[in-house]
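Protein chains in written order, with the numbering used here: chain W, 164 to 460; chain X, 66 to 424.
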C-alpha cells in the first residue's frame with residue numbers, strides 16, 4: 164500500500180506528495196487497516212499483560228504471568244504440530260496447484276474464464292458446509308468406502324474419518340484455490356518466446372522448467388505459499404470436524420482460552436500476539452531477499 | 066479508535082430520517098393498549114435449544130418481537146455479556162455459570178409475581194446450592210452426561226467410566242470435547258465429586274487421563290451422536306439429550322447408561338442480566354414457556370429432562386419411558402459448582418495430556 168506499484172512509476176511520483184484526492188482515496192483503506200488490524204493487535208497486546216477476570220474479560224495490569232506460559236513446552240509442541248500440518252498442506256497445494264495453474268494459464272484464451280470459474284466454484288458454498296460434505300465422503304460407511312468396496316478393492320471399510328489424513332484432505336481442499344490463483348497470475352504473464360528461446364538454445368523440457376519457467380513464476384508461488392500457510396496454521400474448524408479434535412492445533416488452544424471453561428483471556432491474547440509476531444517475522448524474512456521479484460506480482 | 070468525520074450532507078439525511086422515524090413512533094406506540102409495554106425481547110440462548118414454533122407462538126400471543134441470538138458454550142455467552150457490546154434481556158446459562166454470575170452481582174432478582182407458572186416446576190430445583198430458592202433463575206431443561214453404547218458392537222455390559230476406557234474399545238470412543246467434564250469423570254473414578262475440585266484433586270487425575278485419552282477417537286461437544294450414528298465409534302460419553310435422540314432413533318441398538326461412579330447433572334436456566342433493557346418482556350417469555358402445553362413442545366424436540374412436572378404429564382408413555390430423559394431409580398447425580406481459577410489448571414492439564422496422547 165505504501166509501496167510504489169513499479170519502479171518506473173516510482174521515479175516521477177515519489178517526488179510529489181499525494182494530493183488531496185490521493186489522500187481521500189487512500190482514507191478508506193487506512194481507516195480499515197487501523198480499525199481492523201492495528202487496533203485489535205494493540206488491544207490484544209495490552210490484554211496479554213492483564214489478569215484473568217472471574218467471568219472472562221481482563222483486569223488491566225502489568226503481569227507477565229501469561230507470557231511466561233507461552234514458552235511452555237506444552238504449547239511449543241502444539242505450535243510445532245500446527246506448523247507441520249500447515250507446512251504439509253502448503254506443500255501438497257504447491258504440488259497439486261502448480262500444474263493446474265499452469266494448464267489454466269496456458270489454455271486457449273477463450274476457455275480460461277471457464278476454467279477459472281471451475282476453480283472458484285467451491286467459494287459459492289459456505290466453507291463449513293463444504294467441510295461437512297467431506298464427512299459424508301470419508302465416514303466408515305460413506306461414499307468413498309462404499310465405492311471402493313463395490314469395486315472389491317477393499318474388503319473392510321478403511322478408517323479415514325477422524326485421522327490426520329482427513330484433516331490434511333480438508334485443509335488442502337480449503338486452500339488449493341488460494342494457491343492456484345496467484346500462480347495462474349504469474350503463468351498468464353509468462354512470455355512464451357522465453358520458453359521457445361530456451362528450447363531453441365538446447366535446454367531440455369526439465370531444464371527449461373527449472374531455469375526459466377519456475378523462476379519467472381516464483382512470485383506467484385511465494386504469494387500462494389503465504390496465502391495457504393498462514394491461514395492454515397490458525398484454522399481449527401477443519402481439525403474439529405474431520406479430525407475429531409484429537410490433535411489440538413494452536414488455533415484450538417487459543418479458542419479454548421476464550422470459549423472454554425478456562426476463561427483465560429490474557430493467556431489467549433498472549434498466544435495470539437506471539438503467533439502474530441511469528442507471522443510478521445516470517446513474512447519479513449521471506450520478503451527481503453527477493454524484493455525485486457515480488458514487484459512483478 | 067478514531068471515527069471518520071461525518072459529512073454534512075450525510076448527517077442531514079440522517080437527521081431527516083430520524084425525524085421521520087420520531088413522527089411514526091408515537092403513532093404505533095399509541096395503537097397498543099399499554100404504551101409502556103416492551104416491543105422487543107433480546108434473547109441470547111444456546112443454539113438449537115428453543116423450537117422456532119415456541120418463539121413464534123410467543124410473538125403472536127404477546128406482540129413482542131424476539132431477537133434470538135445463539136451461542137455454543139456458557140463462556141461464549143459470557144464473552145458477549147461481559148464486553149457489554151450488546152444488551153440482552155434474557156440469557157440461558159447453566160448452573161455453575163449462574164452461580165458465578167450471582168456472585169459477581171450480574172443478574173436481576175426475578176419478580177415472582179410475574180411468573181405464576183413457576184408453580185409447575187419440580188420443587189427439587191429450588192433446593193440446589195447454585196441458586197437457593199430460584200431467586201435469579203428459572204430452570205429450562207436439565208440433563209445428565211452419560212454413557213451411550215452401540216449394543217451391536219459392545220456385547221458386555223458397561224456400567225461406569227472405567228469400563229468405557231478399556232483397551233478393547235480403543236479408537237472406538239467418542240467423548241465431549243470439554244476439559245472440565247473429562248477431568249471430573251476421572252475424579253469420580255477416584256471417589257471425588259465435582260464439589261471437591263481443587264488443585265490437588267485435579268492434579269491427581271493425570272495418570273487416569275494418561276490412560277484414557279490415547280483411546281479416544283473423537284472429541285465432540287456439539288453433536289457427539291454423529292460419530293455414533295455414522296458407525297465411526299461404538300461407545301461414548303455424551304449429553305443425555307443426544308443420548309435420548311439415539312435411543313429414540315433405534316432403541317434396539319443404542320442404550321443410555323448413567324455411570325455408577327456418579328453422573329454430572331446440568332441445569333440450563335433462564336436468567337435476566339442486570340442491565341437488561343426490557344426485563345418485563347423477559348418475564349413474559351419465561352412465564353409463556355412455563356405453560357405445560359408449550360413446555361411439552363420443547364420436550365418433543367429436545368428430549369432432555371423437563372423440570373416442568375405438568376408438562377411431563379402431557380408426554381407420551383414412550384417419551385416418559387426414555388431413560389436418557391427420565392432415569393429410573395435413584396442414580397447418583399452431581400451438579401457442578403463454580404470452579405474459579407482452578408479451571409485454568411484443568412485446561413492446562415487436559416491440553417498437555419491430550420497433546421502427548423496424540424503422538
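Glycine residues also receive a C-beta, built at the ideal position from the N, C-alpha and C atoms.
Near chain X, meaning a CB-to-CB distance below 9 angstroms, no residue of the stretch 266-279 of chain W qualifies. In summary, the residues of the stretch 393-410 of chain W whose CB is separated from some CB of chain X by less than 7 angstroms are 407, 408, 409 and 410, in the order they occur in the chain. Going by C-alpha positions, residue 343 of chain X is about 20 angstroms away from residue 205 of chain X.
Inter-segment contact for the stretch 400-413 of chain X and the stretch 231-242 of chain X is absent: fewer than three beta-carbon pairs are separated by less than 8 angstroms. Residue 330 of chain X carries a strand assignment under DSSP once its states are collapsed to helix, strand and coil. The beta carbon of residue 295 of chain X falls within 7 angstroms of a beta carbon belonging to chain W, placing the residue at that interface.
In the DSSP assignment, residue 210 of chain X falls within the unbroken beta strand (DSSP E) covering 202-215. Between residue 174 of chain X and residue 200 of chain X the beta-carbon gap is near 5 angstroms, inside 8 angstroms, which marks them as a contact.
Annotated as proximal: residue 282 of chain X and residue 325 of chain W, with beta-carbon spacing under 7 angstroms. Interface flag for residue 138 of chain X against chain W is set, since a Cβ pair is found closer than 7 angstroms. A direct Cα-to-Cα measurement between residue 334 of chain W and residue 397 of chain W gives close to 11 angstroms. Here the alpha carbons of residue 249 of chain X and residue 258 of chain X stand approximately 7 angstroms from one another.
Within the stretch 132-162 of chain X, the runs of alpha helix (DSSP H) at least 4 residues long that lie entirely inside it are, in chain order, 139-148. In this structure the stretch 281-297 of chain W does not lie against the stretch 366-377 of chain W, because fewer than three pairs of beta carbons, one per stretch, are closer than 8 angstroms. A straight line joining the alpha-carbon of residue 294 of chain X with that of residue 154 of chain X spans about 37 angstroms. The three-state reading of DSSP puts residue 373 of chain X in strand, counting E and B together. Using a CB distance cut-off of 7 angstroms, residue 420 of chain X counts as an interface residue toward chain W. Residue contact with chain W for residue 187 of chain X: absent (no Cβ-Cβ distance below 7 angstroms to any residue of chain W).
Between residue 241 of chain W and residue 416 of chain W, the C-beta spacing is below 7 angstroms. Any Cβ of chain W closer than 7 angstroms to the Cβ of residue 143 of chain X would place that residue at the interface, and such an atom is present.
Here residue 403 of chain X is buried, its C-beta having at least 16 other C-beta atoms within 10 Å. The alpha helix (DSSP H) runs lying completely inside the stretch 212-238 of chain W and spanning 4 residues or more are 228-233, given in chain order.
Restricting attention to W:357, W:418, W:439 and W:299, the CA atom closest to the CA of residue 205 of chain W is found in W:439. Here residue 268 of chain W carries a helix assignment [DSSP, helix/strand/coil].
Here residue 299 of chain X is buried. Its C-beta has 16 or more other C-beta atoms within 10 Å. Using a CB distance cut-off of 7 angstroms, residue 412 of chain X counts as an interface residue toward chain W.
Excluding the 5 residues flanking it on each side, residue 360 of chain X has same chain C-beta neighbours closer than 7 angstroms at 354, 371, 373 and 376, in chain order. Taking 7 angstroms as the CB threshold, residue 325 of chain W lines the interface with chain X.
The stretch 294-304 of chain W and the stretch 343-362 of chain W do not touch, with fewer than three beta-carbon pairs separated by less than 8 angstroms. Between residue 214 of chain W and residue 224 of chain W, the CB-CB gap stays under 7 angstroms. Neighbours of residue 296 of chain W in chain X, taken as residues whose beta carbon is under 7 angstroms from its own, are absent, since the nearest beta carbon is some 14 angstroms off. Look at residue 211 of chain W: its C-beta is not under 7 angstroms from any C-beta on chain X. Within the stretch 262-295 of chain X, contact with chain W at the beta-carbon level (separation under 8 angstroms) is assigned to 281, 282, 283, 284, 285, 291, 292 and 295.
Runs of the beta strand (DSSP E) spanning 3 or more residues and lying entirely within the stretch 253-287 of chain X occur at 281-284, in chain order. Assignment of residue 304 of chain X by DSSP, reduced to helix, strand and coil, places it in the strand class. Closest in C-alpha terms to residue 330 of chain W, from the list W:408, W:307 and W:263, comes W:408.
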